[in-house]
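Residue numbers are given in my numbering: position 248 of the sequence shown equals residue 248, and the series is strictly consecutive. All C-beta atoms in this analysis are idealised placements derived from N, C-alpha and C, irrespective of residue type, glycine included. What follows is a short report on a single structure.
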Amino acid sequence: MKDIKMIIESEDAEIRLDKLIGAKVENISRSYAEKLIQEGYVKLNGKTLSKSYKGKIGDCIELTIPNPVKLDVSAENIPLDIMYEDSDLLVVNKPKGMVVHPAAGNYSGTLVNALLAHCGDSLSSLNGKIRPGIVHRIDKNTSGLLIVAKNDLAHKNLSEQIKVHSFTRIYEAIVHGNIKEDDGTVDAPIGRNPINRKKMAVTEKSSRNAVTHYHVICRYGNFTHIQCKLETGRTHQIRVHMSYIGHPIAGDDVYGPKKPVPGLSGQCLHARVIGFIHPRDGRYIEITSSLPDYFVKFLNKLQKQL
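Next up, the structure:
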């Protein structure tokens, strides 16, 4: 355990508690500060409060950082397609079908299992014992680029870039239908589906703002090849937004038609470009991955039908 005490001064007054802790405490991200507040590790003037509380001048914040919990996930020698790596981070090109981190029913064969074998103890601890190094996620059946932090400094910095929208994430997808406009934006909040809690939905209830920009690459009659740029990064964001405007991702059996698309196994969604400011030296790095075989194969089929 590590105990930290802070007195709020004038320049820190009226700042949300989670944001203030994330900014003031070394190697603590805002999301981790939020988790500590929710679990009762943060007290203000001796009382537990919500993350949104805005402190007053002279308030006393007492923060307890619990000891790291030993990871109960085994390292597995699973091949990784590493697009970039240095002492602070790596960018992995995840194949479709690989789960990012262990969860019920998937405690092996995940990206985290592979990362533990590749990196050993060199992974950040900010996201807890089940998600070491994982700064952001992509779905099991989405392929493409994912950034992994090797230390807490990198993790906190990259997380903040995502929050302020300076982190570039561009996807390519094939969607149902013919999108008429060349460019568009879906600005609609996303939260848990009120009927099916395993799904997400566009909803005003307990939701967070979500913005997706899309651009048409090519039209194929009943399908459209598009590029999507994330302004925010909500769970299932592209899948939910495209379904919301009537153009669900081809092969998406959760948010799209239940009838399978002939010749396509799983959803046609690929995280193609990732760009970020290096947390240590300030360089802007942008990495692009090739479209995977399953995606190219389906595109070729559509082109032949024109």
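- Straight across, the Cα-Cα distance linking residue 13 with residue 20 is about 9 angstroms.
- Put simply, the region 162-182 touches the region 234-252. At least three CB pairs are less than 8 angstroms apart.
- Around residue 230, the same chain offers 169, 212 and 237 as residues with beta carbons nearer than 7 angstroms, after the five sequence neighbours per side are excluded.
- Between residue 118 and residue 80 the beta-carbon gap is near 6 angstroms, inside 8 angstroms, which marks them as a contact.
- Residue burial is scored here from C-beta neighbours: residue 164 has fewer than 16 other C-beta atoms within 10 angstroms and is therefore classed as exposed.
- The three-state secondary structure of residue 234, taken from DSSP, is coil.
- Straight-line measurement puts the Cα of residue 182 at about 20 angstroms from the Cα of residue 268.
- Taking the CA atoms as reference points, residue 277 sits about 13 angstroms from residue 153.
- The Cβ neighbour count for residue 63, taken over all protein chains shown within 10 Å, is at least 16; the residue is labelled buried.
- Going by DSSP, residue 273 is part of the beta strand (DSSP E) stretching over 269-277.
- Secondary structure note for residue 201: its beta strand (DSSP E) is the uninterrupted segment 200-202.
- In the structure shown, residue 15 adopts coil according to DSSP, grouped into three states.
- Less than 9 angstroms divides the Cβ of residue 252 from the Cβ of residue 239.
- In the three-state reduction of the DSSP assignment, residue 252 falls in the coil class.
- Closest option to residue 193, judged by alpha-carbon separation, among 218, 185 and 202: 202.
- Here residue 242 carries a helix assignment [DSSP, helix/strand/coil].
- For residue 294, the enclosing alpha helix (DSSP H) starts and ends at 293-304.
- Under the three-state reduction of DSSP, residue 281 is assigned to coil, being neither helix nor strand.
- Taking C-alpha positions only, residue 34 is separated from residue 289 by approximately 33 angstroms.
- Following the DSSP letters along the chain, one finds residue 34 inside the alpha helix (DSSP H) bounded by residues 30-38.
- Counting only runs of 4+ residues, the alpha helix (DSSP H) found wholly inside the region 95-160 occupies 111-119, in chain order.
- In this structure, the beta-carbon distance from residue 142 to residue 270 falls below 9 angstroms.
- CA-CA distance, residue 16 to residue 250, rounds to 41 angstroms.
- Of the residues 49, 5 and 302, the one whose Cα lies closest to the Cα of residue 261 is 302.
- Contact between residue 144 and residue 93 is confirmed by a C-beta separation of about 7 angstroms, below the 8 angstroms threshold.
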